[in-house]
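Step one of this worksheet: look at the structure below.
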Amino acid sequence: DVKVTQSSRYLVKRTGEKVFLECVQDMDHENMFWYRQDPGLGLRLIYFSYDVKMKEKGDIPEGYSVSREKKERFSLILESASTNQTSMYLCASSLHDTPSGANVLTFGAGSRLTVL
Amino acid sequence: AQSVTQLGSHVSVSEGALVLLRCNYSSSVPPYLFWYVQYPNQGLQLLLKYTTGATLVKGINGFEAEFKKSETSFHLTKPSAHMSDAAEYFCAVSDQNAGNNRKLIWGLGTSLAVNP
Chain A
1 DVKVTQSSRY LVKRTGEKVF LECVQDMDHE NMFWYRQDPG LGLRLIYFSY DVKMKEKGDI
61 PEGYSVSREK KERFSLILES ASTNQTSMYL CASSLHDTPS GANVLTFGAG SRLTVL
Chain B
117 AQSVTQLGSH VSVSEGALVL LRCNYSSSVP PYLFWYVQYP NQGLQLLLKY TTGATLVKGI
177 NGFEAEFKKS ETSFHLTKPS AHMSDAAEYF CAVSDQNAGN NRKLIWGLGT SLAVNP
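Next up, the structure:
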């Protein structure tokens with residue numbers, strides 16, 4: 001019954017390393033999202049994509065990039081990880097046929113990244 | 117700009133007691149409103165949503181919420197708390213008139229503790 005799969009639940013990386021967070025959904029959803037979740041700050045949108053090879057910046061895109069080469073896969077890339085990117089990263093997907101449907105997000109279980 | 121305020125970052129109730137989690141929003145246009153729940157070590161899942169029509173909406177696990185336009189509120193309630201309700205709850209809003217809107221505005225979340 002798994003619908004949104006994030007490849008790594010826990011990662012530990014060193015400052016300056018390149019980090020890839022992978023997300024795959026099996027629901028044929030058009031929209032995909034990357035959020036980061038920090039205590040007291042709620043969910044903040046990093047990037048989203050509404051179609052293959054399309055991407056839009058969210059509220060905090062600095063230090064991140066994304067890739068969507070296939071409909072089911074949305075990757076988040078940290079080109080040079082820094083300690084302030086230590087966080088929980090959540091991937092989500094949704095349909096975009098209706099506005100209300102577009103906001104019914106299915107989330108993955110999250111990837112907790114620690115940057116030393 | 118839209119915003120969402122969740123009153124109380126931490127709420128504690130006794131098992132069997134009423135659960136009331138508060139959410140107020142600001143929006144210049146009719147909103148869609150959502151509650152999501154995050155159980156420990158999991159991603160978020162949709163609890164319930166208001167789009168149009170009946171202002172009292174029922175969700176999973178016995179939760180319900182009422183849209184009150186005059187108060188710009190969408191408070192979440194459950195008559196009798198269960199230990200399994202301990203989780204983080206997020207209120208979110210989107211813009212009905214934004215066409216194929218893909219972005220939600222999130223509250224900061226309320227952590228619910230249920231005491232035996």
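Protein chains in written order, with the numbering used here: chain A, 1 to 116; chain B, 117 to 232.
The beta carbon of each residue, even a glycine, is placed where N, CA and C say it ideally should be.
{"Asked": "For Trp151/B, would you say it is in contact with chain A, using Cβ-to-Cβ distances shorter than 7 Å as the test?", "Found": "no"}
{"Asked": "Output yes or no for whether 7 Å exceeds the beta carbon distance between Arg138/B and His191/B.", "Found": "yes"}
{"Asked": "Per DSSP, Thr86/A forms a beta bridge with which residues?", "Found": "DSSP output for Thr86/A lists no bridge partner at all."}
{"Asked": "List in chain order: all unbroken beta strand (DSSP E) runs of 3+ residues lying wholly within the region 150-207 of chain B.", "Found": "160-166, 172-174, 180-184, 189-194"}
{"Asked": "Among Gly225/B, Lys219/B, Thr226/B, which has the Cα closest to the Cα of Ala117/B?", "Found": "Lys219/B"}
{"Asked": "According to the Cβ coordinates, are Leu163/B and Trp151/B closer than 7 Å?", "Found": "yes"}
{"Asked": "How about Ser111/A and Gln6/A: are their beta carbons less than 7 Å apart?", "Found": "yes"}
{"Asked": "Using a Cβ-Cβ distance cut-off of 7 Å, determine whether Met84/A contacts chain B.", "Found": "One detail in the question is off: residue 84/A reads as Asn in this sequence, not Met. No, its Cβ sits nowhere closer than 7 Å to a Cβ of chain B."}
{"Asked": "At 9 Å on the CB atoms, spell out the chain B contacts of Phe74/A, in chain order.", "Found": "Result: empty, since nearest Cβ-Cβ is about 13 Å, beyond 9 Å."}
{"Asked": "If you follow the beta strand (DSSP E) that Arg191/A is part of, which residue opens it and which one closes it?", "Found": "Because chain A is modelled from 1 through 116, residue 191/A falls outside the range shown and cannot be assessed."}
{"Asked": "By DSSP, does Gln138/B sit in helix, in strand, or in coil?", "Found": "Contrary to the premise, residue 138/B reads as Arg rather than Gln in this sequence. DSSP places Arg138/B in strand when its eight states are reduced to three."}
{"Asked": "With DSSP run on the structure shown, which of helix, strand or coil describes Asn103/A?", "Found": "coil"}
{"Asked": "Against Leu41/A, what residues of chain B qualify as contacts under a CB-to-CB distance less than 8 Å, listed in chain order?", "Found": "Leu224"}
{"Asked": "Spatial neighbours of Pro61/A within its chain, please: CB distance less than 7 Å, with the 5 preceding and 5 following residues excluded, ordered by chain position.", "Found": "Ile46, Tyr47"}
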